[in-house]
Structures are given as structure tokens and as C-alpha cells.
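Each residue of the sequence shown is one higher than the one before, starting from 14 at the first, in our numbering. No residue lacks a Cβ here, since even glycine has one placed at the ideal position from N, Cα and C.
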Amino acid sequence: MPAVPASEVYTDSFAADPYPTFARLRENSPVCPVASPRFDSYLITRFDDAKAALTDPRLSKDLYGPGQHYLRIFGPNSEALNRNMLNSDPPEHSRLRRMISQAFAPRRIEALRPRVAQIVGELLDRIVPQGRAELMEDFAIPLPMRVICDLLGVPGEDQKRVLDWTQVIRTSGSGRKPEQDRAAVQEVQLRLHHYLAGLVKAKRAHPADDMISALIEACDHEGKLSERELVSTTFLLLFAGHQTTADFLGNATVALLTHPEQLALLRAEPDMLPAAIEELLRFDGPLPVASPRIATEDVEYGGVRIPAGSIVGVVINAANHDPEHFGEPDELDVCRERVGHIGFGHGVHYCLGVSLARMEARIGIGALLRRLPGLRLGVPVEELRRLPAASPFRGLLELPVRFSA
Ligand code: HEM
């Protein structure tokens with residue numbers, strides 16, 4: 014099957030609403046070769062294929078192996094930050110993940126509840142008297158950023174510049190010319206690497222009650238993480254820990270504000286919030302395509318041969334709208350029972366931060382609904398500025414809202 018040019022998939026309208034494209038792919042070309050300027054890939058869009066692919070050991074996550082695929086995907090300078098558990102296979106992956114999985118155990122995360130509630134309260138105290146807000150900048154981005162920085166031990170006075178750097182990566186592709194964009198991302202990767210290496214060094218000299226210090230201590234005792242692995246693990250936690258949650262908070266708010274009957278149901282029965290969060294994640298998740306996999310041998314999905322060496326993208330948001338698996342998949346239904354989505358992934362790379370993400374979303378969305386009466390969009394939904402169509406993330410650049418002050 015000839016490869017479809019990426020420009021035919023990632024059209025201008027795709028950024029606003031990718032779901033018609035996903036439906037077309039699922040129906041007509043569920044394993045679709047896509048050619049893009051930097052690299053070609055195969056997109057898998059049906060739910061059963063997606064789940065199988067996410068646990069298929071022939072689809073490797075080791076981007077730094079002999080093929081050096083990271084160069085094609087992320088460009089130079091990325092290795093120092095990205096060579097972490099997300100980009101490795103067992104047994105390497107198991108070793109890297111085991112080191113920090115304790116820290117993300119549900120019991121440990123539960124202990125963070127008061128701090129998360131406090132940050133939510135402080136952010137909303139600032140917004141409430143104004144009657145309007147830019148909810149990405151004022152709430153959705155700073156909430157998870159402050160939580161993960163606190164957890165890791167990034168000092169308060171550094172959080173603003175760390176946030177600015179990560180935003181250059183998050184918004185790449187929107188506005189700047191491609192070559193300027195690439196240069197900006199490269200520069201920020203270097204700065205972040207330099208900063209995080211310095212932070213690890215400082216924590217080694219002056220340990221504190223935070224996750225980076227705990228990781229250093231565990232390494233020094235057990236010698237399980239090299240200095241490079243420590244830095245790239247810190248980057249993964251910092252980036253994965255706020256980017257997806259921020260975009261999810263934005264997407265979920267828009268979904269509720271554009272489905273007033275669902276919002277009313279939720280306001281009437283706040284106990285439904287945990288289930289509603291799962292449905293909102295299924296409906297419009299922040300990570301449309303799982304991070305890239307590489308076929309280590311020829312594999313076949315849906316009757317299509319994917320040659321060894323190909324990059325494979327499992328399209329989570331297409332799978333989560335598969336009518337073979339979900340009734341009325343394009344409807345938002347906060348009462349949907351046992352959603353069973355793959356918004357947090359599946360298999361060994363299943364989201365490590367799932368308990369934290371759920372807690373932040375429940376506390377954050379719950380407080381928005383309680384404390385911002387009459388919450389509504391500040392511009393028509395079609396005028397919302399979004400991340401570009403080809404971004405690995407699905408999210409908003411801005412979310413202007415109004416409410417009764
Ligand atoms: C709504 C918010 C979130 C969503 C939708 C989400 C989604 C995902 C998904 C789909 C994956 C698997 C990627 C793949 O297989 O390619 C993943 C992995 C991961 N997530 Fe999350 N995530 C969220 C929040 C968080 C938070 C708060 C953290 C905290 C640090 C976190 C840390 C991680 C890590 C470390 C991995 C890599 C796990 C591994 O490779 O074993 N995530 N996430």
C-alpha cells in the first residue's frame with residue numbers, strides 16, 4: 014500500500030477535530046503507512062490492534078539501540094534527556110522503572126492529596142475574583158507543574174524558567190519557522206540537561222526530602238542508576254508529569270463546557286467525578302499517539318506487513334473511539350460504565366503516574382466546577398488556539414473562560 018503523505022492526515026482541520034480523520038483511517042486503512050518530512054511511520058488505529066501492539070515485544074521502545082532511531086525522530090541533543098525507561102525495553106526498562114515505581118505507589122501518592130488541594134486552592138483564589146481567566150496559563154499548566162516540581166525537589170525560584178523551557182518543547186511547531194523551531198528545541202534541550210545535571214549534583218551535596226535525593230541515595234547504595242540515567246529519569250518525570258496532565262485539564266474543561274447537559278449531570282452528582290474523568294480521557298485524551306515503537310522484524314497487523322525498521326505509532330485517541338469497542342464512541346457520556354480506555358497506555362509502559370494524574374484531575378476539575386459558577390468559554394470553541402496538528406500532544410495554547418465573580 015503506498016504511503017499517505019502526512020499533509021493529508023494532519024490537515025488544518027485535524028488540529029481542531031482529529032476524530033473524523035481517525036474514523037476514516039480505522040475504517041479504510043486501520044494500519045496506515047504515513048510519509049512525513051522527518052520520518053515515515055505506520056499508524057495503528059483499531060482498539061484490538063492497538064492493545065496488541067502496545068504489548069508486542071517485536072515493537073521495541075529502544076530508540077537508542079543500533080538503529081539510532083532517536084536521531085530520525087527527535088534530532089541530536091535529545092539522547093541525554095530521552096534515554097530513559099520510556100525509550101527502553103525489558104530487562105533495561107524493568108530496572109529503570111523498578112527504581113522509582115515505589116515512589117508512585119497509590120499509597121505514597123495519596124499522601125500528596127493535601128498539597129495538591131492546597132495548590133489548586135491557591136491558583137483558584139487568584140482567579141476567582143476576576144470573573145475571567147486564561148485557564149491554561151492560570152491553572153491547567155501551573156497545577157501539575159508545581160506538583161511535580163515539589164515532588165522532585167525543583168526549588169520554587171527555578172520553577173518559572175523550567176516551565177518556560179518545557180513550554181518551548183510543548184508548543185514546538187506553532188508559530189515559529191521550522192528551522193527556528195528546531196533550533197529553539199535543541200537549545201532548550203541543552204539548557205534543561207545542564208540545569209538538571211546541576212540539580213542532581215546539588216542534591217547529592219545537600220540531600221533533602223524529595224524524590225531526586227531519594228533516587229540518588231538508592232543509587233549510591235545499590236548502584237542501580239548511572240548519573241546519566243538519573244538525569245534523564247528526572248527529565249522524564251518532569252515532562253511526563255506535567256505536560257499530559259495540563260493538556261488533559263484543558264481538553265476536559267472544553268469537553269464539559271461544550272456538552273452542557275453532561276456538565277449539569279456532573280454538577281448534580283459530584284460523586285460521578287472519578288468515572289467522568291475516565292470518560293473525558295477516553296473522549297479527548299492529551300496523548301493522541303503513544304510514543305514511537307520500532308519494528309525489530311517484519312510484523313503483520315490487520316493484514317498489512319510492517320517491514321523491520323519501521324516506526325509504528327499506536328493511535329490511542331483513534332482506538333478509544335473504535336465503535337467495535339465503545340457504543341456511540343463520539344458521544345461524551347459521563348455515566349458510561351467501565352470505560353476501559355487505553356488513555357494511560359497498556360503493557361509494561363503503562364503510565365507510571367496514573368494515580369497522581371487521576372488525583373490532580375479529580376481535585377482540579379472538581380474545584381473548577383465548584384468555585385467558578387457559570388463557567389463558560391470566553392471565545393467560540395472554533396476560535397480556541399490549539400497545538401499544531403502534527404504535535405505529539407493534543408492540547409490548547411490558550412483557554413479563555415468567563416464565570417460569575
Ligand atoms: C492525564 C495525564 C496523563 C496521561 C493521559 C498519561 C498517559 C501516559 C501514556 C499513554 C503512557 C504510555 C506511553 C507509551 O506507551 O508510549 C504514559 C507513560 C508514562 N507516564 Fe503518564 N500520563 C499522564 C500523567 C502522568 C503523570 C502525572 C506522571 C508522573 C510523573 C506520568 C509519568 C509517566 C511515565 C514515567 C511514563 C513512562 C512509563 C514507562 O515507560 O514504563 N504520567 N503516560
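When the beta-carbon positions are compared, G366 and L286 stay at least 9 Å from each other.
In the structure shown, A197 adopts helical secondary structure according to DSSP, grouped into three states. When secondary structure is reduced to three states using DSSP, S54 falls in the strand class.
For G254, the uninterrupted alpha helix (DSSP H) segment begins and ends at 240–270. When the alpha-carbon of T309 is set against those of D335, L125, D69, the nearest one is in D69. Beta-bridge pairing by DSSP links A48 to P18, D53.
Ranking I57, N100, L262 by CA distance to the CA of R318 puts I57 first. Secondary structure of G326 (DSSP, three-state): strand. In this structure, the alpha-carbon of H338 lies about 7 Å from that of F60. Counting other Cβ atoms within 10 Å of its Cβ, Q81 stays below 16 and is therefore classed as exposed. Relative to the ligand HEM, the beta carbon of H82 is positioned no closer than 8 Å to any heavy atom. For Y23, the CB contacts under 7 Å within the same chain, skipping 5 residues up- and downstream, are A402, A403 in chain order. Taking C-beta separations shorter than 7 Å and ignoring five residues to either side along the sequence, the partners of C232 in its chain run L238, L243, following chain order. Counting along the chain, I307 sits inside the beta strand (DSSP E) bounded by residues 306–308. At least one heavy atom of the ligand HEM is found less than 8 Å from the C-beta of I329.
Exposed is the label assigned to D343, since fewer than 16 other Cβ atoms lie within 10 Å of its Cβ. Here Y363 carries a coil assignment [DSSP, helix/strand/coil]. Following the DSSP letters along the chain, one finds I319 inside the beta strand (DSSP E) bounded by residues 317–319. In terms of side-chain proximity, the C-beta atom of M98 is found nearer than 8 Å to a non-hydrogen atom of the ligand HEM. Contact between A116 and M14 does not hold, since the beta-carbon distance rounds to 45 Å and is not under 8 Å.
Pairing L148 with G254 gives a Cβ-Cβ distance that is not under 9 Å. The three-state reading of DSSP puts R407 in coil, since its state is none of H, G, I, E or B. The beta carbon of S417 sits closer than 6 Å to the beta carbons of P386, G387 from its chain, once the five residues preceding and following it are set aside; these are given in chain order.
DSSP lists I319 as the beta-bridge partner residues of V312. Relative to the non-hydrogen atoms of the ligand HEM, the Cβ of L67 comes within a distance shorter than 8 Å of at least one. With respect to L345, Q256 sits apart: the two C-beta atoms are not nearer than 9 Å. For S114, the secondary structure class from DSSP, reduced to helix, strand or coil, is helix. The residue from L409, F296, E92, V327 with its alpha-carbon nearest to that of S245 is E92. Taking a contact to require three or more Cβ pairs closer than 8 Å, the region 388–397 and the region 95–103 do not qualify as touching.
Secondary structure in the region 70–96: the alpha helix (DSSP H) runs of 4 residues or longer, each lying completely within the stretch, are 82–87, 92–95 in chain order. By the 16-neighbour rule on beta-carbons within 10 angstroms, Y55 is buried.
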